[in-house]
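Right, one structure below, let's go through it.
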Amino acid sequence: MHVQRILFNSRPGNNGAPVPENFRLEDTSLQPDLNEGEVLVRTLYLSVDPYMRCRMNEDTGAGYLTPWRLSEVADGGGVGRVEASRWDGLAPGDVVTCFNWPWATHGVLKGSALQKMDPQLVDGHLSHLLGAVGLTGLTALLGIREKGHVTQGANQTLVVSGAAGACGSIAGQVGRLDGCSRVLGVCGSREKCAALVDELGFTAAINYRRDDVDARLKECCPDGVDVYFDNVGGAISDAVISQMNSGGHVVLCGQISQYNKDVPYPPPLDPRTQETLLRQGITRERFTVLSYMDQMDAALLQLSTWVRSGQLKVRETVVDGLENMGVAFCSMMEGGNIGKQIIKDDCGRVA
Ligand code: NDP
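The end of the sequence shown is residue 1224 by this note's numbering, with every number in the run present.
This is the structure in structure tokens:
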């Protein structure tokens, strides 16, 4: 069987921005004969995520992440359909997902590593299983609920950075649904600001590339900031934290502004920001979604219910073709996406 796959070609270096040439496409063949316990899957959608930048380094800096190895097939979150199975729990036609899906049009995977998904959960929009009703949605929902201390009726102001991205766009909406009275998004373009306010129900948005972030924060958050869902770190986070109320909470979700730098995770804070956290009694606990997998089923059901009822709006940036994985990854790292960055594999072409 003819397959296409994406190999990890070169490392950008701990202090460099990734380029599409860090990946390369390979045409090859796959022996579809299955051993006991194996499943042949056809890829439908692949996820493109910031944590993959850490996997491009020899040392990922995180115990739970293995580095990609040079000239081997890259992998990450994926959704596909079973084509043949020698694993009791799966049959041809089943929709399955896993965190270590090979970047390939087809793959032979261990059945035990795959999770069977009910397409009804996403009304047939299978890409949502990688986004709003997948790890992204879980990160937003559980991050807000575990670390945000959002309370109905408490008149809280939530600020989200990376707000027009996959996690941010959901986190802001979850904050609103859970009771925040004001939700402000910080993101990198005018188009993104418009999407946040006009489509996703944010109260206001700041374009950090153009606006005076300090001044706009003051204007949009007249009562200060109570909860900050931080996806980016760096100067944006310093500005937000400087306007936080005492007893506030930072959800330390990610620090993408620092991922192309050779710094530990989480990166060291500006001493003034550290001082503000201490003085104001603001919590800033690291959040890792994988620590809450025992809550996954209930949380996915909640996200599914909200998406299907229209209470939670979903944006995606879908790029066609496995061969574009590298381009899509680099674009996402530079802000080319609104909502979840997804690759749709057009593998019918090469089957
Ligand atoms: P996004 O869809 O948000 O894509 C990344 C976005 O980051 C870009 O669109 C860009 O938007 C923004 N960005 C890139 N560089 C910078 C910069 N220098 N300053 C400010 N913004 C920047 O990705 P995800 O939603 O998948 O991930 C968001 C964050 O959540 C990441 O930090 C990621 O590591 C983290 N994460 C954490 C998890 C956890 O368990 N803690 C799980 C999953 C994700 P813009 O145009 O606004 O610049």
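Don't be surprised by glycine CBs; every beta carbon is placed ideally from N, CA and C.
- From Ala1224 to Asp922, what distance separates their C-alpha atoms? Low local confidence applies: a pLDDT of 34 at Ala1224 is under 50, so the model's placement there is unreliable, with the coordinate-based value given in what follows. So the two alpha carbons sit approximately 27 Å from each other.
- Message: I want to check one thing, is the minimum distance from the CB of Asp1135 to the heavy atoms of the ligand NDP below 7 Å?
- Response: It does not: the Cβ of Asp1135 is nowhere closer than 7 Å to a heavy atom of the ligand NDP.
- Just to check, is the beta-carbon of Ser1062 closer than 7 Å to a non-hydrogen atom of the ligand NDP? With a cutoff of 7 Å, Ser1062 counts as near the ligand NDP, since its C-beta is closer than that to a heavy atom of the ligand.
- Helix, strand or coil at Gln877 [DSSP, three-state]: Looking at Gln877 - three-state DSSP - the assignment turns out to be strand.
- Message: Using C-beta distances below 8 Å, list every residue in its chain close to Arg1222, excluding the 5 sequence neighbours before and after it, in chain order.
- Response: Bear in mind that the predicted position of Arg1222 carries a pLDDT of just 43, short of 50, making it unreliable; the figure below should be weighed with that in mind. Within the same chain, no Cβ atom closer than 8 Å to the Cβ of Arg1222 is found once the five residues on either side in sequence are excluded.
- Message: Within the continuous beta strand (DSSP E) that includes Lys989, where are the two ends?
- Response: Element bounds for Lys989: 988-990.
- Message: Please classify Thr1009 as buried or exposed, where buried requires at least 16 neighbouring CB atoms within 10 angstroms.
- Response: By the neighbour-count rule (16 or more Cβ atoms within 10 Å), Thr1009 is buried.
- Task: Report yes if the C-beta distance between Val1056 and Gly1048 is below 8 Å; otherwise report no.
- Result: With a cutoff of 8 Å on beta-carbon distance, Val1056 and Gly1048 are scored as near each other.
- Message: Quick check: the Cα distance between Met874 and Leu907, rounded to an integer number of angstroms?
- Response: Taking the straight line from one Cα to the other gives about 13 Å.
- Message: Considering only heavy atoms of the ligand NDP, does any lie closer than 7 Å to the CB of Ala1186?
- Response: Going by the sequence as given, residue 1186 is Lys instead of Ala. Lys1186: no, Cβ never under 7 Å from the ligand NDP.
- Query: In the structure shown, what three-state DSSP assignment does Thr1190 receive?
  - Reply: For Thr1190, the secondary structure class from DSSP, reduced to helix, strand or coil, is strand.
- Does the Cβ of Phe972 have 16 or more other Cβ atoms within 10 Å, making it buried, or fewer, making it exposed? With fewer than 16 Cβ atoms within 10 Å of its Cβ, Phe972 is classed as exposed.
- Message: If I follow the unbroken beta strand (DSSP E) through Pro1144, where does it start and stop?
- Response: Annotation for Pro1144: no beta strand (DSSP E) segment contains it, though the alpha helix (DSSP H) segment containing it runs 1144-1153.
- Message: Taking the beta carbon of Asp948 as the centre, do at least 16 other beta carbons fall within 10 Å, making it buried, or is it exposed?
- Response: So Asp948 ends up on the buried side.
- In DSSP terms, what Cys1060 is bridged to: Its beta-bridge partners are Asn1080.
- Cβ of Met1205 versus every heavy atom of the ligand NDP: is any distance shorter than 7 Å? Under cutoff, so the answer is yes.
- Task: Look up Asp1087 in the DSSP assignment and say whether it is helix, strand or coil.
- Result: Correct three-state label for Asp1087: helix.
- Minimum C-alpha distance to Thr933 - residue among Pro885, Gly1026, Asp1087, Ser1164: Residue Pro885 is the option with its Cα nearest to Thr933.
- Under 8 Å between C-beta atoms of Val1123 and Thr1076: For Val1123 and Thr1076, no; Cβs fall outside 8 Å.
- Pull up the CB-CB distance for Ala1005 and Val1136, whole angstroms please, since I reckon it's below 8 Å. Not really, about 30 Å apart at Cβ, beyond 8 Å.
- Euclidean distance between Cα positions of Phe1102 and Gly1127: Between Phe1102 and Gly1127, the C-alpha separation is close to 9 Å.
- Item | Residue range of the unbroken alpha helix (DSSP H) whose run includes Thr1009 | Its alpha helix (DSSP H) spans residues 1008-1020.
- Alpha carbon of Pro975 to alpha carbon of Leu1195, nearest angstrom: For the pair Pro975 and Leu1195, the Cα-to-Cα distance works out to about 11 Å.
- Query: Does the separation of the CB atoms of Ile1129 and Asn1104 fall below 8 Å?
  - Reply: In this structure, Asn1104 lies closer than 8 Å to Ile1129 by Cβ.
- According to DSSP, is Ala957 helix, strand or coil? Note: Ala957 maps to strand in three-state DSSP.
- Query: Below 8 Å between beta carbons: does that hold for Leu880 and Glu911?
  - Reply: Not a contact, by the Cβ cut-off of 8 Å.
- Report yes if the C-beta distance between Ala1037 and Leu1069 is below 8 Å; otherwise report no. In contact: Ala1037 and Leu1069 (Cβ atoms closer than 8 Å).
- Proximal residues to Cys1040 (C-beta, below 7 Å), its chain only, five neighbours per side dropped: Correct list, in chain order: Thr1009, Thr1012, Ala1013, Asn1104, Cys1126.
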